[in-house]
């Protein structure tokens, strides 16, 4: 969806719903050109798929945004705020970078909408945009592991067998995570564990040899990881899912 909106200046006078409509309109025009003259269109099948999926995702954002406005949760004045524009631009940037996966999009959409209500943050708050950038930088599998850790933090499993001094056996942790997710393989859990550790969203291994895990207060989530997930979870208050 390259160059759908070329510059921030182009949308400086538009409100969020208008930005979404302009983006979808530009994308549809490209798809129409491909349909009418496929031989001359300089666009790959993957780009077509990307645009179709992105348009579907943007329709979801638009619909839920309007519902929250009808509920009185989003103020008209917020739609033209800098925070609204920059968080939306972060979402559009994500949709442009490749075929957007559902897991990351859903989380970024939730951050956007939670922020728009101004109930859990202010327009001067830097966290929403930082949260969106963090999620955008992760893979779908890492997001799945992150959210599973949050669910386990809210509803802790029985004490782990080797739990001492806030530490636990790594294989026991992996077993519990596999039950909570659809990742399927211990190797995938370890792969995404490393990603979340580097992003400082979960704690590292407990021992120098790489064995053991630090459970902490939030089932390995750091305060940053827990706060990010809690912010996302506020979306459930809206009754949209």
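In this note's numbering, the protein residues as written are 22 to 262.
Just so it is clear, CB atoms sit at the ideal spot from N, CA and C, and this is done for glycine as well.
Coil, strand or helix - residue 261 by DSSP: Walking along the chain shown from the start, residue 261 turns up at place 240. Under the three-state reduction of DSSP output, residue 261 falls in the coil class, being neither helix nor strand.
When the Cα atoms are used, what is the spatial distance from residue 99 to residue 168? In the chain shown, residue 99 corresponds to position 78, counting from 1. In the chain shown, residue 168 corresponds to position 147, counting from 1. Taking the straight line joining both Cα atoms gives about 28 Å.
Chain-order list of residues whose beta-carbon lies under 6 Å from that of residue 131 (same chain, five-residue window excluded): Within the chain shown, numbered from 1, the residue matching residue 131 stands at position 110. For residue 131, the CB contacts under 6 Å within the same chain, skipping 5 residues up- and downstream, are 253 and 256 in chain order.
Continuous alpha helix (DSSP H) stretch holding residue 162: start and end: In the chain shown, counting from the first residue as 1, residue 162 sits at position 141. For residue 162, the enclosing alpha helix (DSSP H) begins and ends at 161-175.
Short of 7 Å in beta carbon distance, which residues of its chain neighbour residue 261, apart from the five on each side in sequence? Order them along the chain. Here residue 261 refers to the residue found at position 240 of the chain shown. Contacts found: 85 and 88.
To the nearest angstrom, how far is the alpha carbon of residue 82 from that of residue 129? Locating residue 82 in the chain shown gives position 61, counting from the first residue. Locating residue 129 in the chain shown gives position 108, counting from the first residue. If you take the alpha carbons of residue 82 and residue 129, they lie about 10 Å apart.
Determine contact between the segment 150-170 and the segment 208-222, defined as no fewer than three beta-carbon pairs at a distance below 8 Å. Yes, since at least three Cβ pairs between the segment 150-170 and the segment 208-222 fall closer than 8 Å, the two stretches touch.
Given this structure, state the Cα-to-Cα distance separating residue 228 from residue 190, to the nearest angstrom. By 1-based counting over the chain shown, the position of residue 228 is 207. By 1-based counting over the chain shown, the position of residue 190 is 169. Each residue's alpha carbon lies about 10 Å from the other.
Anyone know if the C-beta pair for residue 152 and residue 222 falls short of 8 Å? Locating residue 152 in the chain shown gives position 131, where the first residue counts as 1. Locating residue 222 in the chain shown gives position 201, where the first residue counts as 1. Not a contact, by the Cβ cut-off of 8 Å.
How is residue 75 classed by DSSP in three states: helix, strand or coil? Taking the chain shown and counting its residues from 1, the one referred to as residue 75 is at position 54. In the structure shown, residue 75 sits in a helix (DSSP, three-state: H, G or I).
What number of angstroms, rounded off, separates the C-alpha of residue 173 from the C-alpha of residue 112? Locating residue 173 in the chain shown gives position 152, counting from the first residue. Locating residue 112 in the chain shown gives position 91, counting from the first residue. Rounded to whole angstroms, residue 173 to residue 112 spans 28 Å at the Cα level.
Please state whether DSSP places residue 200 in a helix, a strand or coil. Position 179 of the chain shown, counted from the first residue, corresponds to residue 200. For residue 200, the three-state secondary structure derived from DSSP is helix.
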